[in-house]
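> I am attaching a structure below and will ask some questions about it afterwards.
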Amino acid sequence: MKKIAFFVLLFLLVGCGSKTTIKNGDSKTYSFFKNFNTKKYYVSFWDRNTSINDDTKIIMARNDDKYYYEFDGYQKNIIIQKDGKRYDVNPNEKNYFVSQKEYEDFSYGILPSDIGWLKKAKYEAGVEKIYNKKYSFEKFTNGSDSSIYYFNGKKLIYIKHISIQNTVLLRFNFMKFDFSSKIFEINKDFTEITY
């Protein structure tokens, strides 16, 4: 009976696979993003919401108060936000629509917005399968939202954001901080659509 109780306890301790950790600045996620500039970045992802083979590219970029979001899949769409306006650009049709909207931060829950918070944040760590391959993960919770960063060793592979509205899974491609500000400009050959 004691052996059975011992193995049940051992299974519960080992089988759970995740733990809550509080460590200042030694998470893989913090190590990966510690030099991340939250005000100027260009980050490329592959969409993994439906399949491991999805070749849809997603780009999120920012330069202070200018935001850029590109979805390049079955068709290419670009959203540029600057000067209090939103530009919905359709490169395939060579047109765009301008509207007055509050900025929408498409990087929310995907990219860190506060490196200091990330350094001190409580997180859950463990191992999980994504598309039949095991990765170590670190899960950060902020209110009702969770951001999960999946690693192969120290290499960031996936980012998952879970909110009340939806779940997003992206495969990290690359990031850079030196890029042309021309991405925030509308092509002069494109036609403005008005309704």
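Just so you know, our numbering puts 51 at position 50 of the sequence shown, and the rest follows in order with no gaps.
Even for Gly, the Cβ is constructed at its ideal location relative to N, Cα and C.
#1: Alpha helix (DSSP H) containing G117: first to last residue?
#2: Whole beta strand (DSSP E) runs in the segment 34–65 with 3 or more residues, listed along the chain?
#3: In its own chain, which residues sit with a C-beta less than 6 Å from the C-beta of I149, not counting the 5 before and 5 after it?
#4: Roughly how many angstroms separate the alpha carbons of S114 and I131, rounded to a whole number?
#5: Under the DSSP definition of a beta bridge, which residues are partnered with I80?
#6: What would DSSP say about F107, mapped onto helix, strand or coil?
#7: Whole angstroms are fine: how far does the CA of T30 sit from the CA of S108?
#8: Terminal residues of the continuous beta strand (DSSP E) containing I165?
#9: Since N174 sits in a beta bridge, which residues does DSSP pair it with?
#10: Could you spell out the range, first to last residue, of the beta strand (DSSP E) harbouring T195?
#11: What is the DSSP secondary structure of F180, counted as helix, strand or coil?
#12: Output needed for N50: all residues of its chain with C-beta closer than 6 Å, excluding positions within five of it in sequence on either side, in chain order.
#13: What do you get for S28, buried or exposed, if any count of 16 or more other CB atoms within 10 angstroms of its CB means buried?
#14: Going by DSSP, what residue range makes up the beta strand (DSSP E) through E125?
#15: For a quick check, are the C-beta atoms of F34 and I158 less than 8 Å apart?
#16: Please return the same chain residues whose Cβ sits closer than 6 Å to the Cβ of V90, not counting the five positions on each side in sequence.
#17: Considering Cα atoms alone, identify which of D190, K183, I194, F175 is closest to Y68.
This is what the structure holds:
#1: Translated into the one-based positions of the sequence shown, residue 117 becomes position 116. G117 -> alpha helix (DSSP H) spans 116–121.
#2: 41–48, 58–64
#3: Counting from one through the sequence shown, the residue named residue 149 turns up at place 148. F138, K140, K161.
#4: The residue labelled residue 114 in the question sits at position 113 within the sequence shown. The residue labelled residue 131 in the question sits at position 130 within the sequence shown. The alpha-carbon atoms of S114 and I131 are separated by roughly 25 Å.
#5: Reading the sequence shown from its first residue, position 79 is the one you call residue 80. According to DSSP, I80 shares a beta bridge with Y70, D89.
#6: Counting from 1 along the sequence shown, the entry for residue 107 is found at position 106. Residue state, collapsed to three classes: coil.
#7: Against the sequence shown, residue 108 aligns to sequence position 107. Against the sequence shown, residue 30 aligns to sequence position 29. Going from the Cα of S108 to the Cα of T30 covers about 16 Å.
#8: Translated into positions along the sequence shown, residue 165 becomes position 164. Premise fails: I165 is in no beta strand (DSSP E) and is neither H nor E.
#9: Taking the sequence shown and counting its residues from 1, the one referred to as residue 174 is at position 173. Note: N174 sits in no beta bridge, so no partner.
#10: Residue mapping note: residue 195 aligns to position 194 of the sequence shown, counting from 1. Counting along the chain, T195 falls outside any beta strand (DSSP E), and DSSP gives it neither H nor E.
#11: Here residue 180 refers to the residue found at position 179 of the sequence shown. Reduced to three states, the DSSP call for F180 is coil.
#12: For the purposes of this step, residue 50 is identified with residue 49 of the sequence shown, where counting begins at 1. For N50, where only same-chain residues beyond five positions count, the Cβ hits under 6 Å are L170.
#13: Here residue 28 refers to the residue found at position 27 of the sequence shown. So S28 ends up on the buried side.
#14: Your numbering for residue 125 matches position 124 in the sequence shown. Run containing E125: 124–131, per the beta strand (DSSP E) assignment.
#15: Numbered from 1 along the sequence shown, position 33 holds the residue referred to as residue 34. Numbered from 1 along the sequence shown, position 157 holds the residue referred to as residue 158. Cβ atoms of F34 and I158: not closer than 8 Å.
#16: The residue given as residue 90 occupies position 89 in the sequence shown. Excluding residues within five positions, the ones whose Cβ falls inside 6 Å are I79, Y97.
#17: What you label residue 68 is simply residue 67 of the sequence shown in a count that begins at 1. Restricting attention to D190, K183, I194, F175, the CA atom closest to the CA of Y68 is found in K183.
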